[in-house]
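Participant: The sequence shown maps to residues 1 to 180 in the UniProt record's numbering. Cβ coordinates follow ideal geometry from the N, Cα and C atoms, glycine included.
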Amino acid sequence: MPEESRDPIETDCFLLRTDLYYEPLSRQQTVEIFRVNIKRLRGIEDEKQRQLEGTELEQPRLRIMAKSIIEYAQSYYDEHENTPHLRWKGRQIRNTFQIASSFAYYNMNKASLDKTNPESGQLVSPVLDERHFEKVAVAIEQFGNYMDYTKAIADADQARIETIRADHMRNEDLAPRRHD
């Protein structure tokens, strides 16, 4: 349908857009999101194993080193005290879990071409630990530095200059004003 002949109400509905402000995560919120993603990943692993039951297929279960991952989350948060804009947000944490678990499977396949433990005949399990998160963090930081260099300005600064976003604001600064 050509643009001019569209129903104006329908067009307005599709043009409606809302930008939401998300305050940076606290240390506790960050750690809790890591815990939720660990639980989620364990659920995915359980489901994979259930689906393989009764088949001849085998896939080793991902071993998730939760303690070292949580300690890494706390350390990463603390290391960015002076650069809070570099701390991960919820979606970034979820994406990091997906990438890090892929690294764990990749490392397992690379390290054990025969995929069996000669002593037990068991499949070797991939292990997800803080090293995988560190690898993702380095890649994210390098890419961010590259983007800042190519644009000659950080995203937060550009957004502030263009009056798109004010990262320094907090929810308490945005409380509605009452007209009593």
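#1: Tell me residue 127's beta-bridge partners as DSSP assigns them.
#2: Would you kindly work out how many angstroms separate the C-alpha atoms of residue 79 and residue 57, rounded to a whole number?
#3: Closest to residue 103 by CA distance: which of 83, 135, 77 and 48 is it?
#4: I'd like the list of long-range same chain contacts for residue 127, defined as Cβ closer than 7 Å, with 5 residues on each side in sequence excluded.
#5: Just the Cα atoms here: how many angstroms apart are residue 88 and residue 51?
#6: Taking the alpha-carbon positions, what's the residue 35 to residue 29 distance?
#7: Have a look at 53, 153, 33 and 84 and flag the residue whose alpha-carbon is nearest the alpha-carbon of residue 169.
#8: Are residue 61 and residue 45 closer than 7 Å when you measure CB to CB?
Facilitator: To lay it out plainly:
#1: Taking the sequence shown and counting its residues from 1, the one referred to as residue 127 is at position 127. Beta-bridge pairing links residue 127 to 63.
#2: What you label residue 79 is simply residue 79 of the sequence shown in a count that begins at 1. What you label residue 57 is simply residue 57 of the sequence shown in a count that begins at 1. If I take the Cα positions, the gap works out to 43 Å.
#3: One-based indexing of the sequence shown puts residue 103 at position 103. With respect to the C-alpha of residue 103, the residue from 83, 135, 77 and 48 having the closest C-alpha is 135.
#4: Locating residue 127 in the sequence shown gives position 127, counting from the first residue. Within the same chain, residue 127 has close Cβ partners 63, 65 and 104.
#5: Here residue 88 corresponds to residue number 88 of the sequence shown, with the count starting at 1. Here residue 51 corresponds to residue number 51 of the sequence shown, with the count starting at 1. C-alpha separation (whole angstroms): 33 Å.
#6: Within the sequence shown, residue 35 is the residue found at index 35, counting from 1. Within the sequence shown, residue 29 is the residue found at index 29, counting from 1. Near 10 Å, if we compare the C-alpha coordinates of residue 29 and residue 35.
#7: For this step, residue 169 is matched to residue 169 along the sequence shown. The alpha carbon of residue 169 has as its nearest neighbour, out of 53, 153, 33 and 84, the alpha carbon of 84.
#8: Numbered from its first residue, the sequence shown carries residue 61 at position 61. Numbered from its first residue, the sequence shown carries residue 45 at position 45. Yes. Within cutoff.
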